[in-house]
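*Asks:* What follows is a single structure, and I will ask about it in a moment.
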């Protein structure tokens, strides 16, 4: 398709009250070269819904090298359960070695998660996104203040460039955490074991922690940083909104 | 006081929209011989509020002999933090030995939690309640379907007898789990470590489990039994309502 | 049998180099009214060996009310695996309540484990031993300096009284930890899960900890007390030897 | 120095009964361009001893991307405790992505650990070793049957090539696990938390498990493979001996 003529903002308005399946169906109809970005957490529902619509859906995950053992086991379980081709992207060895030699393995607790996420997540993601026309994410409005205005589909200005426009679909944007978990339980969707251990939002091991009952899931991520700056870089565009 | 003339149902109507502190103040004004029943979970807020009103408040807990190690540590921490006289009640050795010799240590998974709770919780509780005129519990309407009609104060018909009327105060009846946890965090109230590990409702170790995000807390208790029969016997009266 | 004429010290000399099976066979031949004391740890080998010799062997354990959840599960597993009548003894409620009201749940860290063991272990044990002519324990010489001289069989002066002589058999006295574990693995004997988690010697949860590789097992028990006084009271006689 | 004239086998004979400090002193005297290979386990004693002799000792570790969270924390703690320049080597992203896309994240359980170790450990190690004249490892004879003949120093034929001879020092070759742990405790050497949880030999998370009391440490590594083939590739030369 020629993305030039694709007015995604207009489609976003049409789909703003539609469910995940409708949005995914629309995405697959309009793009061939697109993939689901799977974080190893409750966004597994995206794979479950997408697989029913398009059995050939492509999925990729970012292996930062610091995920929980439980998350690695879960990625493998999802790969087998859905018989999905799961591409797992790794950070560049040279970048990582320089960074860690200079700053050690936990610099993010001192000067923020940006640099580490930049090397372990964003660079491999950018490399992957350059090969795609659109990607599908599990972002939801209820996840954090920085995501309160997430649209169901949008131009991804963060990863587009003058020669390449990238689109982003967020089929779960309007779903609440409650809806996601109702779906998971109703459909026997496999889940990350950490979700039975008090974890809600899950990312790298050193940057994720359990939350108390009724505490917002975002309290379990980068808890030493400002609430309104907690965006993982995959969706850094949200911060400028 | 002469409990004969005490129309608790009328008072319950007056207090039905009052907060925990008002209810506790009323309880302490009308009864000398009363105590808080503390389960070792989030009902610690009762102790926190009661202590501010009545520094001499008495508290008791039921040590079934099967609590989590974390719960024992928490009971001790509460004892020290609030400098409260904490009475910890134990089951009768002879009853326990007969029961366990016949049925082993996990019979509840086969024939229900009633018999075990009866020996480990209810009998010691009954023994204690016979010495009191009123008790204070942490029951809340939002905890389970069996508690949806819990009043802020009531006659405890389950533990009263012709010669002794027992009253029960439930100061948190109208509070939601969210309110309890907001209070805990706002007031730096100590909490059971298990609450940071995915547990919400906490009782004996073999009868308690972690719940998934957004799952109701009662799913973590006696999960092999019917939802509408899940009452722990301390408040068995709720089942007949 | 008439214990009066039973010269156990002479028999001990005869059996001092015999294996556990020989010692157990001798015990069963000479006493009807005897039972194995099972701690919920690696002394399960006693049950395994005894069951082959005497399928009706009686076993009892002391449930202090503070055992690890893993130990309770193990007790039950042993009960089922060996189809053994397992008597589980509990402490006296009144004694326990008085002790805990005064001193809390962790007084042993401050003034030693004697008082707590006295109520939770020794008193129920004494009650049980008064009904027996002999008991069988898993004591080994290599377990601690206090056990270096343990005999394979002996008069239990600690629990005998003028009207009642009690004998004690220690069939594993000469076995090393290595031998015990070789037996467990070679014979697929069930073991306490804690043994796969860095625990060697196992007792109550607050008084047991994991040890480092090559650290002596006794370092995992009452680590805040003097090495030569670490005897649990079941075998307090060892201290006077 | 000119390695050509260095008869390490002769020196090995001279040093075969010497302690780690003597061997390290000899290594530092003869080589400038050498480094300690630190696995994140009890070979931390090498760093402790080496630091006293040569404060500028260089250390490197292989971050396979699948280490335990505890091991990452330990690497950082060692870096800070000894103020050592710790180089942490990462696998090549492209190799890893191809491998994982084809075989998933746990192929080693099916077809052996060689391929995964090859990409995650051996390739980064080979890259590093090409820049060194000698390396220092924590290998011990008592670790496994494959290491029973490890010399205190040797030519590393596995990583040498016609243009570059590499030497390998194994200062702990003659020490037992017991000696290593006595040293750690006597000198307050920091240790990996996993060592307090039943782990002895520690490597990647999916290929490491806890062992039972008295079980050989090698039972905790690649337990699904033949004992005599359990060599991690860093020291594959041992297999041909």
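Chains as they are written, first to last, in the numbering used here: chain H, 1 to 241; chain B, 1001 to 1241; chain V, 2001 to 2241; chain E, 3001 to 3241.
Just so you know, even glycine gets a beta-carbon here, dropped at the ideal spot from N, CA and C.
Owing to the predicted nature of the structure, the values given are computational and were not obtained by experimental measurement.
Any Cβ of chain B within less than 8 Å of the Cβ of residue 54(H)?
*Replies:* The residue you call residue 54(H) lines up with position 54 of the first chain. Residue 54(H) does not count as touching chain B.
*Asks:* Considering just the uninterrupted stretch of the beta strand (DSSP E) at residue 3167(E), what are its terminal residues?
*Replies:* Here residue 3167(E) refers to the residue found at position 167 when the fourth chain is read from its first residue. Run containing residue 3167(E): 3167 to 3169, per the beta strand (DSSP E) assignment.
*Asks:* Determine the DSSP secondary structure at residue 2238(V), reduced to helix, strand or coil.
*Replies:* Along the third chain, one-based indexing puts residue 2238(V) at 238. Helix, per DSSP.
*Asks:* Quick one: what does DSSP say residue 117(H) is sitting in, helix, strand or coil?
*Replies:* As a position in the first chain, residue 117(H) is number 117, starting the count at 1. Here residue 117(H) sits in helix by DSSP.
*Asks:* Give me the chain E residues within the contact set of residue 92(H), using Cβ-Cβ distance strictly less than 8 Å, ordered along the chain.
*Replies:* Residue mapping note: residue 92(H) aligns to position 92 of the first chain, counting from 1. Near residue 92(H) (Cβ distances below 8 Å), the residues of chain E are 3093.
*Asks:* Give a yes or no on whether 8 Å exceeds the smallest Cβ distance from residue 3214(E) to chain V.
*Replies:* Within the fourth chain, the letter at position 214 stands for residue 3214(E). For residue 3214(E), the answer is yes, since a Cβ of chain V falls inside 8 Å of its Cβ.
*Asks:* Does any residue of chain B bring its CB to less than 8 Å from the CB of residue 2(H)?
*Replies:* Within the first chain, the letter at position 2 stands for residue 2(H). Unreliable positioning characterises residue 2(H) in this predicted model, as indicated by a pLDDT of 46, which lies under 50. The coordinate reading is nonetheless provided below. Not an interface residue.
*Asks:* So, does the CB of residue 3221(E) fall closer than 8 Å to a CB anywhere in chain H?
*Replies:* In the fourth chain, residue 3221(E) corresponds to position 221, counting from 1. By this cut-off, residue 3221(E) is not an interface position.
*Asks:* Please report the distance separating the alpha-carbon of residue 3010(E) from that of residue 3155(E).
*Replies:* Here the question's residue 3010(E) lines up with position 10 in the fourth chain. Here the question's residue 3155(E) lines up with position 155 in the fourth chain. Cα-Cα distance, rounded: 11 Å.
*Asks:* Span of the alpha helix (DSSP H) holding residue 2069(V)?
*Replies:* Sequence index remark: in the third chain, residue 2069(V) carries index 69 (1-based). First-last of the alpha helix (DSSP H) with residue 2069(V): 2069 to 2081.
*Asks:* Is the beta carbon of residue 2211(V) closer than 8 Å to that of residue 2198(V)?
*Replies:* As a first step, residue 2198(V) is located in the third chain; it is residue number 198 there, counting from the start. As a first step, residue 2211(V) is located in the third chain; it is residue number 211 there, counting from the start. Yes; because the gap between Cβ atoms is below 8 Å, this pair is in contact.
*Asks:* With a threshold of 16 other CB atoms inside 10 Å of the CB of residue 129(H), please say whether the residue is buried or exposed.
*Replies:* Along the first chain, one-based indexing puts residue 129(H) at 129. By the neighbour-count rule (16 or more Cβ atoms within 10 Å), residue 129(H) is buried.
*Asks:* Consider the Cβ of residue 3198(E): report whether some Cβ of chain V lies at a distance smaller than 8 Å.
*Replies:* Taking the first residue of the fourth chain as 1, we reach residue 3198(E) at position 198. So yes, residue 3198(E) belongs to the interface.
*Asks:* For the candidate residues 3067(E), 3036(E), 3065(E), whose alpha-carbon lies nearest to that of residue 3056(E)?
*Replies:* Position 56 of the fourth chain holds residue 3056(E). Of the candidates 3067(E), 3036(E), 3065(E), the one whose C-alpha sits nearest the C-alpha of residue 3056(E) is 3036(E).
*Asks:* If residue 1151(B) sits next to residue 1012(B), beta carbons under 8 Å apart, how far is it from one beta carbon to the other, in whole angstroms?
*Replies:* Position 151 of the second chain, counting from 1, holds the residue named residue 1151(B). Position 12 of the second chain, counting from 1, holds the residue named residue 1012(B). Contact holds; Cβ gap of about 5 Å.
*Asks:* Measure the Cβ-Cβ separation of residue 2181(V) and residue 2042(V) and say whether it is below 8 Å.
*Replies:* Numbered from its first residue, the third chain carries residue 2181(V) at position 181. Numbered from its first residue, the third chain carries residue 2042(V) at position 42. Cβ distance < 8 Å, so residue 2181(V) and residue 2042(V) count as in contact.
*Asks:* Can you find the residues in the same chain that come closer than 8 Å, C-beta to C-beta, to residue 1060(B), ignoring five residues on each side of it along the sequence?
*Replies:* The sequence position of residue 1060(B) within the second chain is 60, counting from 1. Answer for residue 1060(B): 1035, 1036, 1037, 1038, 1086, 1087, 1088, 1089, 1128, listed in chain order.
*Asks:* Just to check my reading of the structure: residue 63(H) and residue 3040(E) have Cβ atoms closer than 8 Å, yes? What is that Cβ distance to the nearest angstrom?
*Replies:* Your numbering for residue 63(H) matches position 63 in the first chain. Your numbering for residue 3040(E) matches position 40 in the fourth chain. Actually they do not touch by this definition, with Cβ atoms about 19 Å apart.
*Asks:* For the region 56 to 84 of chain H, which residues have a beta carbon sitting closer than 9 Å to at least one beta carbon of chain B?
*Replies:* Residues passing the 9 Å Cβ filter: none.
*Asks:* If you run the structure through DSSP and keep just helix, strand and coil, what is residue 176(H)?
*Replies:* The count along the first chain starts at 1 and reaches residue 176(H) at position 176. It is coil, neither helix nor strand.
*Asks:* Considering only C-alpha positions, which residue in the set 77(H), 166(H), 222(H), 120(H) is nearest to residue 30(H)?
*Replies:* Taking the first chain and counting its residues from 1, the one referred to as residue 30(H) is at position 30. For residue 30(H), the nearest C-alpha among the options comes from 166(H).
*Asks:* Check the Cβ of residue 2178(V) against every Cβ in chain E and list those closer than 7 Å, keeping chain order.
*Replies:* Within the third chain, numbered from 1, the residue matching residue 2178(V) stands at position 178. Near residue 2178(V) (Cβ distances below 7 Å), the residues of chain E are 3214.
*Asks:* Which of helix, strand or coil does DSSP assign to residue 1224(B)?
*Replies:* As a position in the second chain, residue 1224(B) is number 224, starting the count at 1. Of the three classes helix, strand and coil, the one that applies to residue 1224(B) here is coil, per DSSP.
*Asks:* For residue 1104(B), which residues in chain V fall below 7 Å Cβ to Cβ?
*Replies:* The residue labelled residue 1104(B) in the question sits at position 104 within the second chain. Per Cβ cutoff of 7 Å: 2076, 2079.
*Asks:* Quick one: Cα of residue 2172(V) to Cα of residue 106(H), how far?
*Replies:* Position 172 of the third chain, counted from the first residue, corresponds to residue 2172(V). Position 106 of the first chain, counted from the first residue, corresponds to residue 106(H). So the two alpha carbons sit approximately 50 Å from each other.
*Asks:* What residues in its chain sit with their C-beta under 7 Å from that of residue 2079(V), if we drop five residues either side in the sequence?
*Replies:* Within the third chain, residue 2079(V) is the residue found at index 79, counting from 1. The residues are 2086.
*Asks:* Span of the alpha helix (DSSP H) holding residue 3018(E)?
*Replies:* Along the fourth chain, read from residue 1 onward, the residue named residue 3018(E) stands at position 18. From DSSP, residue 3018(E) is part of no alpha helix (DSSP H); its letter is neither H nor E.
*Asks:* Helix, strand or coil for residue 1041(B)? Go by DSSP, reduced to three states.
*Replies:* Translated into the one-based positions of the second chain, residue 1041(B) becomes position 41. Correct three-state label for residue 1041(B): coil.
*Asks:* Of all the CB atoms in chain H, is at least one closer than 8 Å to the CB of residue 3126(E)?
*Replies:* Counting from 1 along the fourth chain, the entry for residue 3126(E) is found at position 126. No, its Cβ sits nowhere closer than 8 Å to a Cβ of chain H.
*Asks:* Quick one: does the C-beta of residue 2212(V) sit closer than 7 Å to a heavy atom of the ligand ATP?
*Replies:* This structure lacks the ligand ATP, and indeed carries no ligand of any kind.
*Asks:* Determine the contact status of residue 1099(B) and residue 1119(B), defining contact as a CB-CB distance below 8 Å.
*Replies:* The count along the second chain starts at 1 and reaches residue 1099(B) at position 99. The count along the second chain starts at 1 and reaches residue 1119(B) at position 119. Cβ distance < 8 Å, so residue 1099(B) and residue 1119(B) count as in contact.
*Asks:* Within the 8 Å Cβ cut-off, does residue 1241(B) reach chain H?
*Replies:* Counting from 1 along the second chain, the entry for residue 1241(B) is found at position 241. Any reading at residue 1241(B) needs caution, since the residue's pLDDT is 42, under 50, leaving its predicted position unreliable; the model's value is listed next. Residue 1241(B) does not count as touching chain H.
*Asks:* Leaving out five residues before and five after residue 28(H) in sequence, what residues of the same chain have Cβ atoms less than 7 Å from its Cβ?
*Replies:* Along the first chain, one-based indexing puts residue 28(H) at 28. Within the same chain, residue 28(H) has close Cβ partners 53, 54.
*Asks:* I'd like to check one pair, residue 1146(B) with residue 1168(B): are the Cβ atoms closer than 8 Å?
*Replies:* Reading the second chain from its first residue, position 168 is the one you call residue 1168(B). Reading the second chain from its first residue, position 146 is the one you call residue 1146(B). No, Cβ-Cβ distance for residue 1168(B) and residue 1146(B) is not below 8 Å.
*Asks:* Mapping the DSSP letters down to three states, classify residue 36(H) as helix, strand or coil.
*Replies:* Your numbering for residue 36(H) matches position 36 in the first chain. Here residue 36(H) sits in strand by DSSP.
*Asks:* Tell me which residues share the same chain as residue 142(H) and place their Cβ nearer than 7 Å to its Cβ, disregarding the 5 neighbours each side in the sequence.
*Replies:* Here the question's residue 142(H) lines up with position 142 in the first chain. For residue 142(H), where only same-chain residues beyond five positions count, the Cβ hits under 7 Å are 176, 177.
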